[in-house]
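If you're matching them up, the sequences are chains A, D and G in order.
Following this note's numbering from start to finish, the first sequence increments by one per residue and tops out at 659.
Following this note's numbering from start to finish, the second sequence increments by one per residue and tops out at 182.
Following this note's numbering from start to finish, the third sequence increments by one per residue and tops out at 460.
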Amino acid sequence: MAQKPPTQPDDGHVAVSIDGHETRVPKGTLVLDAAAGLGIHIPIYCAHPKMEPVAVCRMCLVHIERFPKPQPACATVVADGMAVTTDSAEVTKIREGMLEFLLLNHPLDCPVCDRGGECDLQDFTFRYGPSVSRFPITEKVHFNKAVPLSEHIELDQERCILCWRCVRYYDEITGEKEIVLEQRGVQTLVTTFNEQPLRSSFQGNLPEVCPVGALTHRQYRFVSRPWDLQRTAGVCPECSYGCNLNVDSRDFEIRRFASRDNPLVEDMWLCDRGRYSFPKWNSTERVRRPAVRPRAGRARDTAVGEAIAAAANELRAVIDAHSPSAIGVMGSAESTNEELFLLQRLARDVIGTRNIDHQLGSFDGITSEEHALGIAEIEECDALVVLGVEPEEEAPVLTLRLFKAQHKRGRRVHRVARDADPAGVVKAMGATTLTGVIADETNREHAVLVATALARKGAVRRMTVTRGVNGRGAKDLGVLPNVLPGYRAAPPGGKNGREILEAAAAGAIHALLITGPNAALERAGELLDRALQRAESVIVVETRPGKVASAATVLIPGHAIFEKLGTVTNIEGRVQRVRPALPPAAQTPSDTRVLAALAAELGAKGWERSDPMSVNRALREAVPAYAEAGSGGRALWTAERVA
Amino acid sequence: MTLGPETRAEIERARGRYPRAQSAILPALWAVQHEVGHLTPDAMTEVASLLEVTPSEVEAVSTFYSMYFQRPHGRHEVLVCINVSCALRGADGIVDHLTRTLGCESGSTTADGEFTWSSTVECLGACGGAPAMQLDHRFEENLTPDRVDAILARARNGTSAGAKRSVRQRRDR
Amino acid sequence: MIKELVLGLRFTITQMLRKPLTVQYPEEQKPVFPRHRGRHILHRYDNGLERCIGCELCAAACPVGCIYVLAAENDPKNPVSPGERYAERYEINLMRCIYCGYCAEACPTEAITLGPQYDLAEYRRERTVVTKAELLESWPRFAQARGPASPVGAGADSTARADPDPGISPRVAWDAAETVHGAPEAPQPGDLGVPTHVPTVTEPESRDRR
Numbered sequence: 017m018a019q020k021p022p023t024q025p026d027d028g029h030v031a032v033s034i035d036g037h038e039t040r041v042p043k044g045t046l047v048l049d050a051a052a053g054l055g056i057h058i059p060i061y062c063a064h065p066k067m068e069p070v071a072v073c074r075m076c077l078v079h080i081e082r083f084p085k086p087q088p089a090c091a092t093v094v095a096d097g098m099a100v101t102t103d104s105a106e107v108t109k110i111r112e113g114m115l116e117f118l119l120l121n122h123p124l125d126c127p128v129c130d131r132g133g134e135c136d137l138q139d140f141t142f143r144y145g146p147s148v149s150r151f152p153i154t155e156k157v158h159f160n161k162a163v164p165l166s167e168h169i170e171l172d173q174e175r176c177i178l179c180w181r182c183v184r185y186y187d188e189i190t191g192e193k194e195i196v197l198e199q200r201g202v203q204t205l206v207t208t209f210n211e212q213p214l215r216s217s218f219q220g221n222l223p224e225v226c227p228v229g230a231l232t233h234r235q236y237r238f239v240s241r242p243w244d245l246q247r248t249a250g251v252c253p254e255c256s257y258g259c260n261l262n263v264d265s266r267d268f269e270i271r272r273f274a275s276r277d278n279p280l281v282e283d284m285w286l287c288d289r290g291r292y293s294f295p296k297w298n299s300t301e302r303v304r305r306p307a308v309r310p311r312a313g314r315a316r317d318t319a320v321g322e323a324i325a326a327a328a329n330e331l332r333a334v335i336d337a338h339s340p341s342a343i344g345v346m347g348s349a350e351s352t353n354e355e356l357f358l359l360q361r362l363a364r365d366v367i368g369t370r371n372i373d374h375q376l377g378s379f380d381g382i383t384s385e386e387h388a389l390g391i392a393e394i395e396e397c398d399a400l401v402v403l404g405v406e407p408e409e410e411a412p413v414l415t416l417r418l419f420k421a422q423h424k425r426g427r428r429v430h431r432v433a434r435d436a437d438p439a440g441v442v443k444a445m446g447a448t449t450l451t452g453v454i455a456d457e458t459n460r461e462h463a464v465l466v467a468t469a470l471a472r473k474g475a476v477r478r479m480t481v482t483r484g485v486n487g488r489g490a491k492d493l494g495v496l497p498n499v500l501p502g503y504r505a506a507p508p509g510g511k512n513g514r515e516i517l518e519a520a521a522a523g524a525i526h527a528l529l530i531t532g533p534n535a536a537l538e539r540a541g542e543l544l545d546r547a548l549q550r551a552e553s554v555i556v557v558e559t560r561p562g563k564v565a566s567a568a569t570v571l572i573p574g575h576a577i578f579e580k581l582g583t584v585t586n587i588e589g590r591v592q593r594v595r596p597a598l599p600p601a602a603q604t605p606s607d608t609r610v611l612a613a614l615a616a617e618l619g620a621k622g623w624e625r626s627d628p629m630s631v632n633r634a635l636r637e638a639v640p641a642y643a644e645a646g647s648g649g650r651a652l653w654t655a656e657r658v659a
Numbered sequence: 010m011t012l013g014p015e016t017r018a019e020i021e022r023a024r025g026r027y028p029r030a031q032s033a034i035l036p037a038l039w040a041v042q043h044e045v046g047h048l049t050p051d052a053m054t055e056v057a058s059l060l061e062v063t064p065s066e067v068e069a070v071s072t073f074y075s076m077y078f079q080r081p082h083g084r085h086e087v088l089v090c091i092n093v094s095c096a097l098r099g100a101d102g103i104v105d106h107l108t109r110t111l112g113c114e115s116g117s118t119t120a121d122g123e124f125t126w127s128s129t130v131e132c133l134g135a136c137g138g139a140p141a142m143q144l145d146h147r148f149e150e151n152l153t154p155d156r157v158d159a160i161l162a163r164a165r166n167g168t169s170a171g172a173k174r175s176v177r178q179r180r181d182r
Numbered sequence: 251m252i253k254e255l256v257l258g259l260r261f262t263i264t265q266m267l268r269k270p271l272t273v274q275y276p277e278e279q280k281p282v283f284p285r286h287r288g289r290h291i292l293h294r295y296d297n298g299l300e301r302c303i304g305c306e307l308c309a310a311a312c313p314v315g316c317i318y319v320l321a322a323e324n325d326p327k328n329p330v331s332p333g334e335r336y337a338e339r340y341e342i343n344l345m346r347c348i349y350c351g352y353c354a355e356a357c358p359t360e361a362i363t364l365g366p367q368y369d370l371a372e373y374r375r376e377r378t379v380v381t382k383a384e385l386l387e388s389w390p391r392f393a394q395a396r397g398p399a400s401p402v403g404a405g406a407d408s409t410a411r412a413d414p415d416p417g418i419s420p421r422v423a424w425d426a427a428e429t430v431h432g433a434p435e436a437p438q439p440g441d442l443g444v445p446t447h448v449p450t451v452t453e454p455e456s457r458d459r460r
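Right under this line is the structure:
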């Protein structure tokens, strides 16, 4: 008999004893979570931390005192004085029985299964299961193997243990309900309607949701075993949402992206665009050797030091012949904060030009206010206004956060046209105390109008979906003509990206310093061609061969995002690290050191410490918000900090 | 393919009867099966759009219940009980006889499209008249091979209630 | 005295008349014991299909990490092994192998065993990485190829994986800077122009392999 625990003041907690260990947990905690808090492991298949309990797999059955029958730990809420046993002979027997049952028709093809090595069924059988089965292996019921559900997902119906996780994922997380269980009894199988391929843009999460090897990535099919993979914590480079992921590489190639749960950002769900973008980082289409290709003279490959000296000479020649403002500097939203910080210092302090930007559009009147809404705060807003389809196309995982806000938290989500009439939006809104306005960065002006109109109803916070993995960092760190790092006003007269290219094409700007890869720049098309042809010198630090690299008069190979150390800032200002997962394709120093060496060649002092880490320290000193954000925190801008 | 206006109206009526649209899937599928004879993917898609659920949910329901047909069925449905009482009274012989006379295995349809028969049903609850079978929702009891032949011949000549008619009768009651 | 001489020479003469024990290696090789653990053999089924399914359990069991396996999916019409998966590449670095037999122990299909061959000296280091073509049991339908070893995998030196910024161990340096206040300066990186990636004999020029 358990002793009745001493009565304690009601602080919203209850006392519970698990395997004789006493603990106090908040009311409403599941037995499963209370046990996890004590370090007691309860095997689960159907339970998932991001989904509602269903208790269909019966793997987590535990004995609870005074309950006549074993109870599922994943669906039982703790009560005061509850005494739970997870290590009794009864529970052991239940687990052995459940595992023997789950393995009844499981094909036991672990050696060829992609999940082998990271499979819950394998692990729990090893830990809790019976060592032998009473059922002959020759009498299993067989289903189809290797059924392609879409171009990304493969289904092995034999391996399925019918835990419902994939069905619930589509039901609770994306709301698309594409996968269902059909038939019944032993014939039950996971499938789609009429065997149609999956259409969701979030299918890549299915293999991670699946506790066994039933749903697997087709791109990862037989590619590697989990113990071969080198895992590096990284950030998804496809958009600026900043989804955390694990970069799994083998033989110097990225083999898959796996989710790395950060509840504040992507909440462990990745979009297919990001998840399946990894092959391009293995591409061998790379700039590999530094080259000097003067407009008059012979092009040749050089050592990197020589290329940097040549670049400095060309820049100095332009400064001497014209003025520093005859130089245009283009950063990139795909560089790290450290590189961008150095680049703008190089441009403003060493070269002395005000012409610096990271993309083509105008960011006049940019303030930190347009980035005030955090991703997790979306769930706290009473109402949300999404202007146009671009925000969700640009950052797909935003859709899942909006779905969660709408369906789990009961928030109102209004998807309106890109240029919706502000008065109409206010009218449709109803009463609200906190409204979130989400717009794309190309739609800034209109978002201001809508936000101003909504401000009469209550507080408004804005989120601007930036372009490029570090589009936000480029703005925070002043890689813009009109602001310095930290949104301080820059001296007027700087040209923005388009103006730089136009001036270069017109012959007013004589030298371009471009760090790439810059997708925004490449979209300039014919204007970019003219600018690159007309400029006397084009100094390029670039990873990919292309228009910009081939027009360079001095070309220095850059390091791609998975080959270097640094930080990137996501849409909500979260400063997150990127780490090298691959060896650099080019045998050159990292981009920060190239920029610092260029500055040193131009005669600047104090640029010796130029490894990404030292630059990061300098960056934190210069931008206090980044010092407070640290690594993984949000850079928050207050009014006095901006001023 | 589109469903007839009558069927659509019936699905709409079913939708109004339940607080959740999912609940109306069962009566909606009965209406479809009554009109089409079996449940086609097109019909299920249409049901889904009428009830504002996803087609996959409709298909999940339709495959769970064995009396919704995924494939075209014969004009008559024969279900032979093989449970204990019937087995003791010679159900195996009836099954063998049906396999021979109908010329097809249990679970399939005769070549002329007259009969779809199955011997995998469990107890029909007609143990008092074992061995028993069910022809188009009607029990036929105390079977012998000769009686089976007579019953099938009667059904073939159209003197037995058709499957569709009997479904309608049950609903109208 | 004669007696002693004869007695003394008797041993010499009997030894002179004995057959020599010396084996004319390598022309002549002594048979080994049936369970000798020499160079590995990859076996086939009687129908010629490879036993190996590319599961990499041998590589996982290997205490020295000398086995490299890269799996691929079988073409159902023209399978290499039974089932869905086969080993596209199978390489063993014989210089590293300690001939412990754990690979054979771990193999679920009894595809790999250690065979009788023990003359494994080579003039070139690269040749001591044996490929699947060399390891496989011969089969009449397939000609035995002797292809070059893979540049990555078993032949590559894992310590040659480049540190992108020499002088900094990224994780250590970052963590130190973040968690310890007033931490000493991070290690000073090397000068500009120092190659960051030092290739080894067996490492490829680039990462392009597939």
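For each residue, glycine too, the CB sits at the ideal point set by N, CA and C.
- Within the same chain, and ignoring the five residues on either side of leucine 517 of chain A in sequence, the residues whose Cβ sits closer than 7 Å to its Cβ are Ala540, Leu543, Leu544, Ala547.
- When secondary structure is reduced to three states using DSSP, arginine 17 of chain D falls in the helix class.
- Nearest CB-CB separation between phenylalanine 238 of chain A and chain G: below the 8 Å threshold.
- For alanine 69 of chain D, the residues of chain A that pass the 8 Å Cβ criterion are Val196, Leu197, Glu198, in the order they occur in the chain.
- Glutamine 592 of chain A has its alpha-carbon roughly 9 Å from the corresponding atom of alanine 645 of chain A.
- About 6 Å separates the beta carbons of serine 348 of chain A and histidine 374 of chain A, which is inside the 8 Å limit, making them a contact pair.
- Taking C-beta atoms as the reference points, valine 499 of chain A and isoleucine 454 of chain A fail to come closer than 8 Å.
- Membership of proline 42 of chain A in the beta strand (DSSP E) is indicated by the continuous run 37-42.
- Asparagine 210 of chain A carries a helical assignment under DSSP once its states are collapsed to helix, strand and coil.
- In the structure shown, the three-state DSSP call for aspartate 105 of chain D is helix.
- One thing to note: glycine 133 of chain A has its Cβ within 8 Å of the Cβ of tryptophan 243 of chain A.
- For valine 263 of chain A, DSSP records a beta bridge to A:Thr248, A:Phe273.
- Contacts between proline 127 of chain A and chain G, judged by CB atoms closer than 7 Å, involve Ile303, Cys305, Leu307, Pro358 in chain order.
- Annotated three-state conformation of asparagine 121 of chain A is coil, per DSSP.
- In summary, phenylalanine 151 of chain A is exposed, with fewer than 16 beta-carbon neighbours lying within 10 Å of its beta-carbon over all protein chains present.
- Taking a contact to require three or more Cβ pairs closer than 8 Å, the segment 46-55 of chain D and the segment 189-198 of chain A do not qualify as touching.
- Residues of chain D with a Cβ closer than 7 Å to the Cβ of phenylalanine 419 of chain A do not exist; the shortest Cβ-Cβ separation is about 15 Å.
- Within the segment 53-68 of chain D, the residues whose Cβ lies closer than 9 Å to some Cβ of chain A are Met53, Thr54, Ala57, Val62, Thr63, Pro64, Ser65, Glu66, Val67, Glu68, listed in chain order.
- Neighbours of arginine 488 of chain A in chain G, taken as residues whose beta carbon is under 9 Å from its own, are absent, since the nearest beta carbon is some 21 Å off.
- Taking 8 Å as the CB threshold, phenylalanine 209 of chain A lines the interface with chain D.
- Chain order gives no chain A residues near proline 81 of chain D, where near means a beta carbon separation below 9 Å; the closest approach is about 16 Å.
- Look at lysine 193 of chain A: its C-beta is under 8 Å from a C-beta on chain D.
- In summary, arginine 316 of chain A is exposed, with fewer than 16 beta-carbon neighbours lying within 10 Å of its beta-carbon over all protein chains present.
- For the 8 Å CB-CB criterion, arginine 335 of chain G and valine 228 of chain A do not form a contact.
- For histidine 387 of chain A, the secondary structure class from DSSP, reduced to helix, strand or coil, is helix.
- In the DSSP assignment, valine 464 of chain A falls within the unbroken alpha helix (DSSP H) covering 460-470.
- Counting along the chain, the unbroken alpha helix (DSSP H) around threonine 415 of chain A starts and ends at 413-423.
- DSSP lists no beta-bridge partner residue for arginine 181 of chain A.
- It is roughly 20 Å from the alpha-carbon of glycine 344 of chain A to the alpha-carbon of glutamate 354 of chain A.
- Against chain A, the CB of phenylalanine 73 of chain D has a partner CB under 8 Å away; the residue lies at that interface.
- Counting only runs that start and end inside the segment 566-625 of chain A, the beta strand (DSSP E) elements of at least 3 residues fall at 570-573, 582-585, 591-594.
- Rounded to the nearest whole angstrom, the CA to CA distance from leucine 231 of chain A to aspartate 136 of chain A is 13 Å.
- Closer than 8 Å at the C-beta level to chain A, one finds these residues of the segment 324-336 of chain G: Gly333, Glu334, Arg335.
- With contacts defined as CB atoms closer than 8 Å, leucine 414 of chain A and tyrosine 257 of chain A qualify as a contacting pair.
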